[in-house]
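Residue numbers (UniProt numbering): 1 to 256. Every residue gets a Cβ at the ideal spot worked out from N, C-alpha and C, and that includes glycine. These notes concern the structure reproduced below.
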């Protein structure tokens, strides 16, 4: 089951840590296809392939967060033998956050670092209702987000494949209910795009309530700044992982 969910472009058996990467709504593991070329050899990049896309295009996508996170945690168990970090962009950020909290509740190892990108803090989310929108309305919003090329939006055959996955992903976001828990005792780094009109700075700053240690980086670009700023994002990720790469040791342990 683990092989279904995780696609490591280059397996690095001696890596000091794993970087598990979660895509944005409608995205696949291919979002992170170049990252293994940007990290040092002691980091193994493990992009997550969610059902309904990429190699799993024939599977039914999740439309609720809780069952998605439970299935992902189950699939991750064999990967918890060494320190790992979670990186999630937009929808992926919320999934990463709730995954870290579920691992803590189970008493399993928790991430050594949590990287949340273009994702609003859970207590401050303001989700538009898109999963029930018409095809035309949904395409118009995708054009505004600037993450889907116009030629894809105008390709009816491709959109027939993409829209059901997007609707399911938006349903995950829009039906999410935040339940308060103690802050994670996990370092948290938040990334945002300076020109992102989807996630406001105040929504990014709200993440400080969810961790005992957090910092915010604002980078040039809109909601999908990671597409043009991958090198800089990965550079910052690796810099924050330096203590682990230097031999900080065991996988993170849950805290009370």
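What is the rounded straight-line gap between the Cα of residue i and the Cα of residue j?
i           : j           : result
residue 93  : residue 22  : 7 angstroms
residue 174 : residue 116 : 18 angstroms
residue 200 : residue 226 : 17 angstroms
residue 236 : residue 134 : 39 angstroms
residue 137 : residue 119 : 22 angstroms
residue 159 : residue 41  : 38 angstroms
residue 211 : residue 157 : 43 angstroms
residue 55  : residue 5   : 10 angstroms
residue 11  : residue 37  : 12 angstroms
residue 249 : residue 232 : Only weak support exists for where residue 249 lies, its pLDDT of 47 falling under 50; the coordinates are left without a value.
residue 59  : residue 162 : 13 angstroms
residue 204 : residue 57  : 32 angstroms
residue 239 : residue 177 : 33 angstroms
residue 121 : residue 215 : 13 angstroms
residue 107 : residue 141 : 40 angstroms
residue 206 : residue 155 : 38 angstroms
Measuring alpha carbon to alpha carbon, tell me which residue in the options is nearest residue i.
i           : options               : result
residue 189 : 200, 112, 176 and 168 : 112
residue 213 : 220, 184 and 72       : 184
residue 179 : 57, 228 and 123       : 123
residue 7   : 24, 25, 38 and 45     : 45
residue 182 : 100, 204 and 66       : 100
residue 70  : 87, 47 and 102        : 102
residue 104 : 87, 73, 218 and 130   : 73
residue 81  : 246, 14 and 58        : 14
residue 47  : 57, 87 and 207        : 87
residue 130 : 238, 243, 177 and 25  : 25
By Cβ distance, which residues of its chain are closer than 8 angstroms to residue i, with the 5 residues on each side in sequence left out?
i           : result
residue 61  : 50, 51, 52, 53, 164, 165, 168 and 169
residue 241 : 17, 19, 43, 85, 112 and 113
residue 143 : 150 and 153
residue 64  : 171, 172 and 175
residue 223 : 90, 118, 145, 146, 147, 193, 196, 197, 198 and 199
residue 229 : 219, 220 and 221
residue 217 : 189, 190, 191, 192 and 236
residue 266 : Only positions 1 to 256 of the chain appear in this structure, which leaves residue 266 out of reach.
Using a Cβ-Cβ cut-off of 6 angstroms (strictly less than) and excluding sequence neighbours within five positions of residue i, which residues of its own chain qualify?
i           : result
residue 139 : 153
residue 2   : 75 and 78
residue 187 : 113 and 213
residue 68  : 62
Grab me the residues of residue i's own chain with a C-beta within less than 7 angstroms of its C-beta, minus the 5 sequence neighbours each way, in chain order.
i           : result
residue 234 : 35, 38 and 39
residue 66  : none
residue 244 : 16, 17, 83 and 112
residue 208 : 214
Do the segment 95 to 113 and the segment 26 to 37 make contact, defined as three or more Cβ pairs closer than 8 angstroms?
-> no
Please go through the segment 184 to 234 and give each complete alpha helix (DSSP H) segment of 4 or more residues, from N-terminal end onward.
-> 201 to 205
Runs of alpha helix (DSSP H) wholly within the segment 96 to 140 (minimum 4 residues, chain order) = For the segment 96 to 140, there is no continuous alpha helix (DSSP H) assignment of 4+ residues that stays within its boundaries.
Contained beta strand (DSSP E) runs [length at least 3] in the segment 11 to 94, N- to C-terminal order = 17 to 22, 43 to 47 and 84 to 89
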